[in-house]
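Residue numbers (my numbering), protein chains in the order written: chain A, 116 to 495; chain B, 116 to 495. Ideal placement from N, C-alpha and C gives every residue a C-beta, glycine not left out. From a predicted model like this one, the values you see are computed outputs, not experimental measurements. Report on the structure given below.
Right under this line is the structure:
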């Protein structure tokens, strides 16, 4: 096990009827900004719950943070926040609203341009922020990361910084999600775990078990959610699993990968494929190309997650990769670029961008532009 | 899943050579008290590491916090702490030193007698404290709980309060533990999980998986540690598992039990049986008496932890309980009161005490004095 420092200060407020707690959770003496997405919260009742909880208090609203939040949009919120001396932000929405809010919080606290903050990789300072998370997927509600898109150049990069002061998760809010949103959320959570698990074996038995625990849970609940998308306990396990998939709890003392995300971000930036969906396309191809490197962990994964115990080791590993792609498809997602009308042109653009950035990704930092091309060709 | 609020602010600093980090982790401007146990830290090198890291700084030392820390001892530290205007405490030792330190931190911050704080169940205020944890077992390094003994009345009760500001865990420190200490630590961690897991089934799939993940890890590493008690990765997994067994991570949104601990504390208070050992004695008996109540969870546990799939449900459940007792014995611990020379007299005292306290324990609050007697008779 590698040395590590772990600290996750976010207060997680989970369950039915918890949204009203914002009245006590948000300090009384702050200049509050509330950030929203495109308006789904006005349909699922969350907006009314927020308004009722904050009755009698004054605050500013900022609407229109889009899926894959754009720096061009967020800069407007930063200007507004500075004008109004905002010193606390509540994000109400999915991972995109919260990710965007993390950059707004950094932009208000700094004189650096928002895109430069993203490119630097780390927000040195942020005003306090919190969330009401309505879409279980990104884990942003309990981590310090955010991913931002620059529309004019079709770029999408992540940065790190503070954790939310609190996040409220009410599983009932998920009842209004579409089947595609749930599928992408489950794929996102599943892939987050694989990015932290499908690495050098034998680093930590307990971290392996916890990663496998999230995978087994997601696999168990996914078909049941299709049948009963308003079953409270199912959606509660989905929501909690998505949080635990990316809140540092399953990566203590171990190496990580994240090459699938780097490639997936490009597919989203260039072709608009929903984030979770992009991961479902890239991960099987990546496992096929990096099979030898990940061989021993794939064996363990196949046995513990899919009960694959028959055949040669090579057959077992191939089967584990097939079962992974089957799982993504079982969610109702396509897993091939060709099914999404994406082809050679995008692949070449991504390979060129990786080469231009001059960095290689993945646990062993060997996913260069050439390897990314090879992976994407396997995803056709 | 039940509604819950989760927040664990402790900074976990884990790995080789991390003890020297106290020089930066402890604020510069505090009046520091360092608390120790009986002196094992002078033999395993920890004391020297602390002294070197704090060279040039002034601080007060308090020695002699015993196993099952006594309020009579801790009151002396509270007097000293008030005299010296102590406003930060570093506990260096095992769970007892840290549990004792949690009460010292409460006593210094209050005018209430230390035992009354324990009896109240909650420390309303504590000065900040942190730890260098040398014995993986109690999880005290990352939770808000402490258990204190009153020697003059042979009573042992717990209370809750703040979490450590930070805890440093260096697995190399465990190399000097005795085989019995390791056995008791593993039994303690295993039982902590069972207290949060062996309850009403179907409350949370992901919490079940994580609890099972700790159990499977402890079962896997226990025999290996016997063979290689100085294997770094083994001891790292042991140390991390003990922390994760009782830091709130596996009890989100679920009910808990803790009747085994209530009975075990009495055995420790009355007969001096080491805490982890007392749990190894009580848990199998408790499962036998409460078999029907815990039937469905025992079935799941038997299948997922011990691969018990043959026979009738009743046979499977009996087998799961047998395997649990076998596991404790495999650590090198006895699992019967008669083996420890404890008999009827102690059982009657415990039953009478439970009745006098007028409370019943366990998930369903049905472990009365009578049920405790029945459980202990099964442990003979």
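(request) Decide yes or no for the touch test of the stretch 176-192 of chain B against the stretch 131-141 of chain B: beta carbon pairs closer than 8 Å, at least 3 of them. (result) no
(request) For residue 384 of chain A, go through chain B and note every residue whose CB falls closer than 7 Å to its CB, in chain order. (result) Here residue 384 of chain A is taken as the residue at index 269 of the first chain, counted from 1. Going along chain B, no residue has its Cβ under 7 Å from residue 384 of chain A, so there is no contact; the nearest lies around 32 Å.
(request) Examine chain B for any beta-carbon lying closer than 8 Å to the beta-carbon of residue 116 of chain A, and answer yes or no. (result) The residue labelled residue 116 of chain A in the question sits at position 1 within the first chain. True, the Cβ-Cβ gap to chain B drops below 8 Å.
(request) Compile a chain-ordered list of the residues in the stretch 350-377 of chain A whose CB is closer than 7 Å to at least one CB of chain B. (result) 351, 352, 355, 356, 359, 364, 367, 368
(request) Specify, as a first and last residue, the run of the beta strand (DSSP E) that residue 278 of chain B falls within. (result) Counting from 1 along the second chain, the entry for residue 278 of chain B is found at position 163. Unbroken run through residue 278 of chain B: none, as it is neither H nor E.
(request) Would you decide whether residue 237 of chain A is buried or exposed? Buried here means 16 or more other CB atoms lie within 10 Å of its CB. (result) Along the first chain, read from residue 1 onward, the residue named residue 237 of chain A stands at position 122. Label assigned to residue 237 of chain A: exposed.
(request) Answer yes or no: do residue 252 of chain B and residue 215 of chain B have a C-beta to C-beta separation smaller than 8 Å? (result) Residue 252 of chain B sits at position 137 when you count from the first residue of the second chain. Residue 215 of chain B sits at position 100 when you count from the first residue of the second chain. Note that the C-beta distance between residue 252 of chain B and residue 215 of chain B is not below 8 Å.
(message) Quick check on the burial criterion: 16 or more other C-beta atoms within 10 angstroms. Buried or exposed for residue 484 of chain A?
(response) Position 369 of the first chain, counting from 1, holds the residue named residue 484 of chain A. Buried, since its Cβ has 16 or more Cβ neighbours within 10 Å.
(message) To the nearest angstrom, how far is the alpha carbon of residue 354 of chain B from that of residue 458 of chain A?
(response) Taking the first residue of the second chain as 1, we reach residue 354 of chain B at position 239. Taking the first residue of the first chain as 1, we reach residue 458 of chain A at position 343. So the alpha carbons of these two residues sit roughly 49 Å apart.
(message) Please list, in chain order, the chain A residues whose beta carbon lies closer than 9 Å to that of residue 133 of chain B.
(response) The residue given as residue 133 of chain B occupies position 18 in the second chain. The answer, in chain order, is 118, 120.
(message) Considering only DSSP beta bridges, list what residue 265 of chain A is partnered with.
(response) Residue numbering aside, residue 265 of chain A sits at position 150 when the first chain is read from its first letter. According to DSSP, residue 265 of chain A bridges with A:270.
(request) Report yes or no: is there a C-beta of chain A within less than 8 Å of the C-beta of residue 289 of chain B? (result) For the purposes of this step, residue 289 of chain B is taken as residue 174 along the second chain, with counting starting at 1. No, because no Cβ of chain A sits closer than 8 Å to the Cβ of residue 289 of chain B.
(request) Just the chain B side, please: which residues come within less than 7 Å of residue 320 of chain A by C-beta, in chain order? (result) Residue mapping note: residue 320 of chain A aligns to position 205 of the first chain, counting from 1. Chain-ordered, the chain B residues with CB closer than 7 Å to the CB of residue 320 of chain A read 332, 335, 336, 352.
(message) Under DSSP, the alpha helix (DSSP H) around residue 340 of chain A begins and ends at which residues?
(response) The count along the first chain starts at 1 and reaches residue 340 of chain A at position 225. Boundaries of the alpha helix (DSSP H) harbouring residue 340 of chain A: 320-342, taken from the DSSP string.
(request) Provide the residue span of the beta strand (DSSP E) that contains residue 122 of chain B, from first to last. (result) As a working mapping, residue 122 of chain B is identified with position 7 in the second chain. Unbroken beta strand (DSSP E) run through residue 122 of chain B: 119-129.
(message) In the DSSP output, which residue or residues are listed as bridge partners for residue 203 of chain A?
(response) In the first chain, counting from the first residue as 1, residue 203 of chain A sits at position 88. Answer is A:147.
(message) Do residue 176 of chain A and residue 149 of chain A have their beta-carbon atoms positioned less than 8 Å apart in this structure?
(response) The sequence position of residue 149 of chain A within the first chain is 34, counting from 1. The sequence position of residue 176 of chain A within the first chain is 61, counting from 1. It is a contact, given that the beta carbons lie within the stated cut-off.
(request) Using a Cβ cut-off of 7 Å, pull out every chain A residue sitting near residue 254 of chain B, in sequence order please. (result) Here the question's residue 254 of chain B lines up with position 139 in the second chain. Against residue 254 of chain B, chain A offers no close residue; the least beta-carbon distance is about 13 Å (beta-carbon pairs closer than 7 Å).
(request) Would you kindly work out how many angstroms separate the C-alpha atoms of residue 453 of chain A and residue 494 of chain A, rounded to a whole number? (result) Numbered from 1 along the first chain, position 338 holds the residue referred to as residue 453 of chain A. Numbered from 1 along the first chain, position 379 holds the residue referred to as residue 494 of chain A. Rounded to the nearest angstrom, the gap between the Cα atoms of residue 453 of chain A and residue 494 of chain A is 8 Å.
(message) Please state the DSSP three-state secondary structure of residue 63 of chain B.
(response) With chain B covering 116 to 495 only, the question about residue 63 of chain B has no answer from this structure.
(request) Please name the residue in B:444, B:410, B:479 whose C-alpha comes closest to that of residue 431 of chain B. (result) Within the second chain, residue 431 of chain B is the residue found at index 316, counting from 1. Of B:444, B:410, B:479, the residue nearest in Cα terms is B:410.
(message) Can you tell me where the alpha helix (DSSP H) holding residue 441 of chain B begins and where it ends?
(response) The residue you call residue 441 of chain B lines up with position 326 of the second chain. Unbroken alpha helix (DSSP H) run through residue 441 of chain B: 428-445.
(message) Any beta carbon from chain A within less than 8 Å of residue 297 of chain B's own beta carbon?
(response) Here residue 297 of chain B refers to the residue found at position 182 of the second chain. No, no contact with chain A.
(message) Which same chain residues end up closer than 6 Å to residue 439 of chain A when comparing Cβ atoms and leaving out the 5 residues on each side of it in sequence?
(response) Taking the first residue of the first chain as position 1, residue 439 of chain A is located at position 324. 399.
(message) Excluding the 5 residues flanking residue 199 of chain A on each side, which residues of the same chain have their C-beta closer than 8 Å to its C-beta?
(response) In the first chain, the residue the question calls residue 199 of chain A occupies position 84. Cβ within range, chain order: 146, 148, 175.
(request) Scan the stretch 368-430 of chain B and note each continuous beta strand (DSSP E) run of 3 residues or more that stays entirely inside, going in chain order. (result) none
(request) Answer yes or no: does any C-beta atom of chain A fall closer than 8 Å to that of residue 124 of chain B? (result) Taking the first residue of the second chain as position 1, residue 124 of chain B is located at position 9. A Cβ of chain A is located within less than 8 Å of the beta carbon of residue 124 of chain B.
(message) Is there a C-beta anywhere in chain A that falls below 8 Å from the one on residue 276 of chain B?
(response) The sequence position of residue 276 of chain B within the second chain is 161, counting from 1. Answer no: the Cβ-Cβ gap between residue 276 of chain B and chain A never drops below 8 Å.
(request) Give a yes or no on whether the C-beta atoms belonging to residue 129 of chain B and residue 119 of chain A are separated by under 8 Å. (result) Against the second chain, residue 129 of chain B aligns to sequence position 14. Against the first chain, residue 119 of chain A aligns to sequence position 4. Contact flag set, yes.
(message) Assess contact between the stretch 384-394 of chain B and the stretch 455-474 of chain B, defined as three or more Cβ pairs (one per stretch) separated by less than 8 Å. Is contact present?
(response) yes
(message) I need the boundaries of the alpha helix (DSSP H) containing residue 257 of chain B, first residue and last residue.
(response) By one-based count along the second chain, residue 257 of chain B stands at place 142. It is not in any alpha helix (DSSP H) - residue 257 of chain B carries neither H nor E in the DSSP assignment.
(message) With a threshold of 7 Å on Cβ separation, who are the neighbours of residue 281 of chain B within its own chain once the five nearest residues in sequence on each side are excluded?
(response) Locating residue 281 of chain B in the second chain gives position 166, counting from the first residue. Answer for residue 281 of chain B: 125, 126, 128, 140, 245, listed in chain order.
(request) State yes or no: is the beta carbon of residue 280 of chain B nearer than 8 Å to at least one beta carbon in chain A? (result) Along the second chain, one-based indexing puts residue 280 of chain B at 165. False, the Cβ-Cβ gap to chain A never drops below 8 Å.
(message) Helix, strand or coil for residue 213 of chain A? Go by DSSP, reduced to three states.
(response) The residue you call residue 213 of chain A lines up with position 98 of the first chain. It is helical.
(message) Considering just the uninterrupted stretch of the alpha helix (DSSP H) at residue 249 of chain A, what are its terminal residues?
(response) Against the first chain, residue 249 of chain A aligns to sequence position 134. No alpha helix (DSSP H) contains residue 249 of chain A, which DSSP labels as neither H nor E.
(message) Counting only Cβ pairs nearer than 8 Å, list the residues of chain B close to residue 410 of chain A.
(response) By 1-based counting over the first chain, the position of residue 410 of chain A is 295. None at all; the shortest Cβ gap to chain B is about 20 Å.
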